[in-house]
Amino acid sequence: MKFCILMGSPRPEGNTAALLAPFLEECGMMGVESRVISLYDRTVNPCLGCRACQDCLNSLGCIQDDDFEEIFKAMEDCDVIIPATPIYSFFCTAPMKALLDRAIYAGTKNYGAVRGPKLLAGKRLAAIVTCGYSPEKGADLWEEGLKRWCRHGGLEYMGMFCRRDMGGAFMNEERAQAVRDFAQAIRMSIRGSEL
Ligand SMILES: Cc1cc2nc3c(=O)[nH]c(=O)nc-3n(C[C@H](O)[C@H](O)[C@H](O)COP(=O)(O)O)c2cc1C
32 MKFCILMGSP RPEGNTAALL APFLEECGMM GVESRVISLY DRTVNPCLGC RACQDCLNSL
92 GCIQDDDFEE IFKAMEDCDV IIPATPIYSF FCTAPMKALL DRAIYAGTKN YGAVRGPKLL
152 AGKRLAAIVT CGYSPEKGAD LWEEGLKRWC RHGGLEYMGM FCRRDMGGAF MNEERAQAVR
212 DFAQAIRMSI RGSEL
């Protein structure tokens with residue numbers, strides 16, 4: 032089983048990274064392969080809206096030459112896509128938004144007259160989030176956006192793990208254990224559906 036973690040925080044020592052550490056450790060202990068792609072270390076330019084991708088039914092067909100295609104391949108080549116992001120202005124960070132824009136557009140071939148495939152159809156997605164407000168007020172719009180993104184792209188949305196940054200120490204034992212449990216729940220849910 033393989034997880035593809037899309038790391039959307041600019042802070043390698045920040046809160047999102049702090050949640051990811053025990054999550055990844057748990058993945059290793061469960062024998063789940065995990066690949067972390069740090070979006071701030073890559074270049075994914077914003078979508079230009081040129082629609083060239085809609086003329087290309089079985090491949091991405093994006094005219095931009097950056098890291099998008101390689102990251103999309105990693106998304107295709109896993110069992111669960113895991114966007115991990117802090118909330119910025121009630122949504123994800125900018126590199127994550129650029130990636131999602133391009134992945135949903137180039138990956139869903141039905142934006143014009145054509146009715147083509149959804150390249151990520153059947154994939155699963157689970158989110159890891161940190162925010163300053165309570166999750167209900169800080170991460171609700173992001174979660175709703177992700178749910179619709181999944182529905183549109185034919186992915187299965189598996190849920191969100193979100194913890195609040197209250198300004199003091201962010202990590203504690205309860206949070207570390209809870210994010211480990213989240214990793215286990217994802218794996219169990221997939222194994223359950225495969226039995
Ligand atoms: C530019 C910026 C915008 C933010 N906007 C929000 C927001 O709209 N809602 C919210 O709940 N928290 C917001 N926050 C707080 C962060 O989501 C929170 O501190 C998060 O844990 C930071 O994660 P990191 O340490 O991985 O960067 C914002 C933080 C920054 C720096």
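In terms of my numbering, the sequence shown is residues 32 to 226.
Where is the CB? At the ideal position from N, CA and C, for every residue including glycine.
- At least one heavy atom of ligand 1 sits closer than 7 Å to the Cβ of F121.
- Within the segment 36-121, the complete alpha helix (DSSP H) runs of at least 4 residues fall at 46-61 and 99-107.
- Scanning the segment 139-184 from its first residue to its last, the whole beta strand (DSSP E) runs of 3-plus residues come out as 155-162.
- When secondary structure is reduced to three states using DSSP, G190 falls in the strand class.
- In this structure, I118 has its CB closer than 7 Å to one or more heavy atoms of ligand 1.
- Leaving aside the five residues that flank C109 on each side, the residues in its chain whose CB is nearer than 8 Å to its CB run, in chain order, K33, F34, C35, R66 and K154.
- Comparing alpha carbon positions, the residue from V111, C58, C193 and D132 closest to V75 is D132.
- Note that the segment 46-54 does not touch the segment 70-86; fewer than 3 beta-carbon pairs, one per stretch, sit closer than 8 Å.
- Under DSSP, F34 forms a beta bridge with S65 and V111.
- Closest by C-alpha distance to C162, out of K128, V210 and C123, is C123.
- Taking every protein chain shown into account, the CB of I217 has 16 or more other CB atoms within 10 angstroms, so this residue is buried.
- Straight-line measurement puts the Cα of I159 at about 15 Å from the Cα of F201.
- Inter-segment contact for the segment 187-206 and the segment 125-144 is absent: fewer than three beta-carbon pairs are separated by less than 8 Å.
- Rounded to the nearest whole angstrom, the C-alpha separation of D196 and E175 is 20 Å.
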